[in-house]
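Visitor: As numbered in the numbering used here, the sequence shown has no gaps in its residue numbers, which increase by one up to the final residue, 535.
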Amino acid sequence: MAVSPPQVFAIDLGTSGLKAALVAADGTVTGWAERPVPLRVLPGGGAEQDPLAWWTALGQVAADLGRDHPEQLRAVTTVCASTQGEGTIAVDTHGDPLTPCITWLDMRGAPHLRRQFGGFPAYQGMSVRRIARWLRLTGGMPSPTGKDPAAHMLFVRDTLPQVYARTATFLNVLDWINLKLTGRTVATVDSILTSWVTDNRRPGDIRYSPALVTDCGIDADKLPPIVACTEVIGTLTPAAAAHLDLPTTVRVVAGSIDNTAAAIGAGTTGDNEPHLYVGTSSWIAAHVPRKKTDIAAGIAAVPCAIDDRYLMTALQATAGANLTWLRDKIVEYDDPLLGAGRVSRDEGSIFDAFDTIIPTVPPGANGVLYTPWLYGERAPVDDANLRAGFFNISLDTNRSDLLRAVFEGVAFNTRWLLGSVDRFLGAPVTSMAITGGGALSDSWCQIFADVLGVEIRRDAQPLAVNARGAGWIGAVGTGQLTFADIPDLMRTDRVFAPDPAHRPGYDEIFDVYRELHNRLAPVYRRLNRRWKIR
Numbered sequence: 002m003a004v005s006p007p008q009v010f011a012i013d014l015g016t017s018g019l020k021a022a023l024v025a026a027d028g029t030v031t032g033w034a035e036r037p038v039p040l041r042v043l044p045g046g047g048a049e050q051d052p053l054a055w056w057t058a059l060g061q062v063a064a065d066l067g068r069d070h071p072e073q074l075r076a077v078t079t080v081c082a083s084t085q086g087e088g089t090i091a092v093d094t095h096g097d098p099l100t101p102c103i104t105w106l107d108m109r110g111a112p113h114l115r116r117q118f119g120g121f122p123a124y125q126g127m128s129v130r131r132i133a134r135w136l137r138l139t140g141g142m143p144s145p146t147g148k149d150p151a152a153h154m155l156f157v158r159d160t161l162p163q164v165y166a167r168t169a170t171f172l173n174v175l176d177w178i179n180l181k182l183t184g185r186t187v188a189t190v191d192s193i194l195t196s197w198v199t200d201n202r203r204p205g206d207i208r209y210s211p212a213l214v215t216d217c218g219i220d221a222d223k224l225p226p227i228v229a230c231t232e233v234i235g236t237l238t239p240a241a242a243a244h245l246d247l248p249t250t251v252r253v254v255a256g257s258i259d260n261t262a263a264a265i266g267a268g269t270t271g272d273n274e275p276h277l278y279v280g281t282s283s284w285i286a287a288h289v290p291r292k293k294t295d296i297a298a299g300i301a302a303v304p305c306a307i308d309d310r311y312l313m314t315a316l317q318a319t320a321g322a323n324l325t326w327l328r329d330k331i332v333e334y335d336d337p338l339l340g341a342g343r344v345s346r347d348e349g350s351i352f353d354a355f356d357t358i359i360p361t362v363p364p365g366a367n368g369v370l371y372t373p374w375l376y377g378e379r380a381p382v383d384d385a386n387l388r389a390g391f392f393n394i395s396l397d398t399n400r401s402d403l404l405r406a407v408f409e410g411v412a413f414n415t416r417w418l419l420g421s422v423d424r425f426l427g428a429p430v431t432s433m434a435i436t437g438g439g440a441l442s443d444s445w446c447q448i449f450a451d452v453l454g455v456e457i458r459r460d461a462q463p464l465a466v467n468a469r470g471a472g473w474i475g476a477v478g479t480g481q482l483t484f485a486d487i488p489d490l491m492r493t494d495r496v497f498a499p500d501p502a503h504r505p506g507y508d509e510i511f512d513v514y515r516e517l518h519n520r521l522a523p524v525y526r527r528l529n530r531r532w533k534i535r
């Protein structure tokens, strides 16, 4: 029997659950295990997860991989993680969490952000002078929605002063996982970004800005040291090694947050090569050679895993979350409409069921239009008050129409975003890789191609993109390959070409979509002021 090549134990911790895979340097993904992780949505815009639940889930998936793929697990030389970003955990001097993770969906810090950074003149409650400095040094600025660690930390400081006093360090999700793995407290160049305290003007030398740290309202000693995503930060502690059933000699590479890892896992490591990730949230991202910011659209080029490049990231707040909502809140689990879903709730079964239905409805969903803003929006507008809605429902409308409208609504929002991406990159995007769980749907891939008017190239293993990205970052960090090698290792299973016959109709609907936003944004602002309605 052939000996297994060296493997990276790749961790993929998302909002919905923790996954792990064994990844070789050539991108081969052997083994796959996952466990769900609960998300608690709280009144007033709160959204939390239990870090200890992540750690428990990690031990469970490691046991699954050891049982199903013992040879490959024995070949593990490296651990590397990709995680959800923009979460905040206060830890004590022992590294134990003092708070739940305040996740990227949590908006409770918004008023504290405005109090800390207000001034005259102001934009969205924050001093224009401060905004100018953030843009110059970091390339971005805190989200007025309060969804960044910059706001999360202030929320802890102001509402939990006893916890703040005991806090040794504030860590992002990735940072806490790395602390548990190695006993070392660090942040990566991308995990620290949305604390908005770093000088990012030289991509290979990301460092704290003394002026931004002084101004942030958080004690400087509560911020962790910064390392590159590809840095080997240590080896497994005895406790972590026992938890994963791996040797203590296994090295840990710092890894990255999910959009950074996806840009590597999608094979798009060259300049201006975009990918579309469709998961709970969605984004378009591409590596670029220079730091740049589009203030109006909320798009910035920020530090990433490739140390001489930046990653342009344009984020939509909810994409696949709209389908989860539709499945769980509108189409009941045992509904005959789902067919395959009665056997299994996994994403593949759900998309198989939905893909049977969508082709029965013509493009345009028989006149029904859906806006996918279930939890506000980030780009191309940053507005926490926006909400989802169906429009133009009639007595003839059925659930199949609503289903297609949801798929198309996410695609229309992506088209809205793509216009800003085209301007940012300096040329229209004509071809784009698609990955993430949403890429499992043939129908959705074709809808994206038709609505966007671009070629869509599907990742052969879209669910593995973050784990594969973590695997490749780990392999680069331990010298097994370079980022330039990755495009030739990427596998595509199908290309979806836009159907020109559908373009005129989608163009007209898109104009209406934009008009709906313009007219409804003030209405949502009135309804959801202070998040009295979630």
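The beta carbon of each residue, even a glycine, is placed where N, CA and C say it ideally should be. Computed from a predicted model, the values in this text were never measured in an experiment.
Considering just the uninterrupted stretch of the beta strand (DSSP E) at S257, what are its terminal residues?
Guide: As a working mapping, residue 257 is identified with position 256 in the sequence shown. Unbroken beta strand (DSSP E) run through S257: R252 to I258.
Visitor: Give a yes or no on whether the C-beta atoms belonging to G234 and R185 are separated by under 8 Å.
Guide: On the sequence shown, position 233 is the one that residue 234 refers to. On the sequence shown, position 184 is the one that residue 185 refers to. It is Ile, not Gly, that sits at residue 234 in the sequence shown. Cβ distance < 8 Å, so I234 and R185 count as in contact.
Visitor: Do you know whose CA, among D508, Y514 and A434, lies nearest R495's CA?
Guide: Walking along the sequence shown from the start, residue 495 turns up at place 494. Comparing Cα positions, the closest option is A434.
Visitor: Mapping the DSSP letters down to three states, classify T319 as helix, strand or coil.
Guide: Working through the sequence shown from its first residue, we reach residue 319 at position 318. T319: coil per DSSP, three-state reduction.
Visitor: According to DSSP, L14 sits in a beta bridge with which residue or residues?
Guide: Locating residue 14 in the sequence shown gives position 13, where the first residue counts as 1. Answer is L19 and T84, bridged to L14.
Visitor: Which residue's Cα is closest to the Cα of N414: L387, G32 and I394?
Guide: Along the sequence shown, one-based indexing puts residue 414 at 413. That would be L387, whose Cα lies nearest to the Cα of N414.
Visitor: Measuring alpha carbon to alpha carbon, tell me which of R109, D107, W445 and I132 ends up nearest G119.
Guide: Here the question's residue 119 lines up with position 118 in the sequence shown. Comparing Cα positions, the closest option is I132.
Visitor: If you scan the stretch 157-192 from start to end, which runs of the beta strand (DSSP E) of 3 or more residues do you find wholly inside it?
Guide: Whole beta strand (DSSP E) segments, 3+ residues: 170-172.
Visitor: Quick check on this structure: which residue in N179, T281 and A229 has the alpha carbon closest to the alpha carbon of V190?
Guide: Translated into the one-based positions of the sequence shown, residue 190 becomes position 189. Nearest of N179, T281 and A229 to V190, Cα basis: A229.
Visitor: Check whether the Cβ atoms of T104 and M154 sit closer than 8 Å, and answer yes or no.
Guide: As a working note, residue 104 is residue 103 in the sequence shown. As a working note, residue 154 is residue 153 in the sequence shown. Not a contact, by the Cβ cut-off of 8 Å.
Visitor: Roughly how many angstroms separate the alpha carbons of H503 and L418, rounded to a whole number?
Guide: Your numbering for residue 503 matches position 502 in the sequence shown. Your numbering for residue 418 matches position 417 in the sequence shown. Computed Cα separation, rounded: 20 Å.
Visitor: Give the DSSP-derived three-state secondary structure of I394 in the structure shown.
Guide: Numbered from 1 along the sequence shown, position 393 holds the residue referred to as residue 394. In the structure shown, I394 sits in coil (DSSP, three-state: anything other than H, G, I, E or B).
Visitor: Hey, how far is the Cα of E35 from the Cα of A471?
Guide: The residue given as residue 35 occupies position 34 in the sequence shown. The residue given as residue 471 occupies position 470 in the sequence shown. One C-alpha to the other measures close to 16 Å.
Visitor: Which word fits Y124, buried or exposed, when buried means at least 16 other C-beta atoms lie within 10 angstroms of its C-beta?
Guide: Position 123 of the sequence shown, counted from the start, is the residue given in the question as residue 124. Classification of Y124: exposed, given that the 10 Å Cβ count is below 16.
Visitor: Could you check the C-alpha separation between V303 and T314 for me, to the nearest Å?
Guide: Numbered from its first residue, the sequence shown carries residue 303 at position 302. Numbered from its first residue, the sequence shown carries residue 314 at position 313. Roughly 8 Å between the two C-alpha positions.
Visitor: Helix, strand or coil for H113, going by three-state DSSP, please let me know.
Guide: Taking the sequence shown and counting its residues from 1, the one referred to as residue 113 is at position 112. In the structure shown, H113 sits in a helix (DSSP, three-state: H, G or I).
Visitor: Output yes or no for whether 8 Å exceeds the beta carbon distance between W56 and V38.
Guide: Numbered from its first residue, the sequence shown carries residue 56 at position 55. Numbered from its first residue, the sequence shown carries residue 38 at position 37. Taking 8 Å as the Cβ cut-off, W56 and V38 do not qualify as a contacting pair.
Visitor: Using only alpha-carbon positions, find the residue among L136, D383 and I12 that is nearest to T319.
Guide: The count along the sequence shown starts at 1 and reaches residue 319 at position 318. Checking every option, the nearest Cα to that of T319 belongs to D383.
Visitor: So does the stretch 11-24 actually touch the stretch 272-286, counting three or more Cβ pairs closer than 8 Å?
Guide: Short answer: they touch.
Visitor: Check the C-beta distance from I207 over to F171 and give it rounded, since I have them as a contact under 8 Å.
Guide: For this step, residue 207 is matched to residue 206 along the sequence shown. For this step, residue 171 is matched to residue 170 along the sequence shown. With 8 Å as the limit, I207 and F171 do not qualify as a contact, their Cβ atoms being about 17 Å apart.
Visitor: Return the CA-CA distance between K330 and G46, expressed in angstroms with no decimal places.
Guide: To locate residue 330, count along the sequence shown from 1; it is residue 329. To locate residue 46, count along the sequence shown from 1; it is residue 45. If I take the Cα positions, the gap works out to 20 Å.
Visitor: Kindly confirm or deny that the stretch 419-426 and the stretch 138-152 touch, where touching means at least three C-beta pairs closer than 8 Å.
Guide: Segments in contact, no.
Visitor: Out of N367, V362, H244 and A465, state which residue places its alpha-carbon closest to the alpha-carbon of S395.
Guide: Numbered from its first residue, the sequence shown carries residue 395 at position 394. Out of N367, V362, H244 and A465, N367 has the C-alpha closest to the C-alpha of S395.
Visitor: The alpha helix (DSSP H) with P71 in it runs from where to where?
Guide: The sequence position of residue 71 within the sequence shown is 70, counting from 1. Segment P71 to R75, the alpha helix (DSSP H) holding P71.
Visitor: Report yes or no: do the stretch 86-102 and the stretch 159-167 share at least 3 C-beta pairs separated by less than 8 Å?
Guide: Yes: at least three Cβ pairs fall under 8 Å.
Visitor: Give the DSSP-derived three-state secondary structure of G377 in the structure shown.
Guide: As a working mapping, residue 377 is identified with position 376 in the sequence shown. Three-state DSSP puts G377 in a strand.
Visitor: According to DSSP, is G235 part of a helix, a strand, or is it coil?
Guide: Counting from one through the sequence shown, the residue named residue 235 turns up at place 234. Looking at G235 - three-state DSSP - the assignment turns out to be strand.
Visitor: If I'm right that H113 touches A152 with Cβ under 8 Å, what's the distance once you round it to whole angstroms?
Guide: Mapped onto the sequence shown, residue 113 falls at position 112. Mapped onto the sequence shown, residue 152 falls at position 151. Yes, they are in contact, since the Cβ atoms of H113 and A152 sit about 6 Å apart, within 8 Å.
Visitor: Figure out for me which residue from T199, I300 and F484 has the closest Cα to the Cα of L138.
Guide: By one-based count along the sequence shown, residue 138 stands at place 137. Ranking the options by Cα distance to L138, first place goes to T199.
Visitor: Tell me whether F497 sits in a helix, a strand or coil according to DSSP, three-state version.
Guide: As a first step, residue 497 must be located in the sequence shown, where it is residue number 496. Of the three classes helix, strand and coil, the one that applies to F497 here is strand, per DSSP.
Visitor: Taking the Cβ atom as the reference point for each residue, do N173 and P150 lie within a distance shorter than 8 Å?
Guide: The count along the sequence shown starts at 1 and reaches residue 173 at position 172. The count along the sequence shown starts at 1 and reaches residue 150 at position 149. Yes.
Visitor: Which term fits R492, buried or exposed, when burial requires 16 or more other beta carbons within 10 angstroms of its beta carbon?
Guide: For this step, residue 492 is matched to residue 491 along the sequence shown. Classification of R492: exposed, given that the 10 Å Cβ count is below 16.
Visitor: Just to confirm the assignment, what range does the beta strand (DSSP E) spanning Q50 have?
Guide: For this step, residue 50 is matched to residue 49 along the sequence shown. G47 to Q50 is the extent of the beta strand (DSSP E) around Q50.
Visitor: Which stretch, first to last residue, makes up the alpha helix (DSSP H) that contains D309?
Guide: Taking the sequence shown and counting its residues from 1, one reaches residue 309 at position 308. Run containing D309: none; DSSP gives neither H nor E here.
Visitor: Out of P101, D159, T231 and W33, point me to the one whose CA is closest to G475's CA.
Guide: To locate residue 475, count along the sequence shown from 1; it is residue 474. Here the closest residue by C-alpha is T231.
Visitor: In whole angstroms, what is the alpha-carbon distance linking S5 and S432?
Guide: For the purposes of this step, residue 5 is taken as residue 4 along the sequence shown, with counting starting at 1. For the purposes of this step, residue 432 is taken as residue 431 along the sequence shown, with counting starting at 1. Their backbone Cα atoms lie some 36 Å apart in a straight line.
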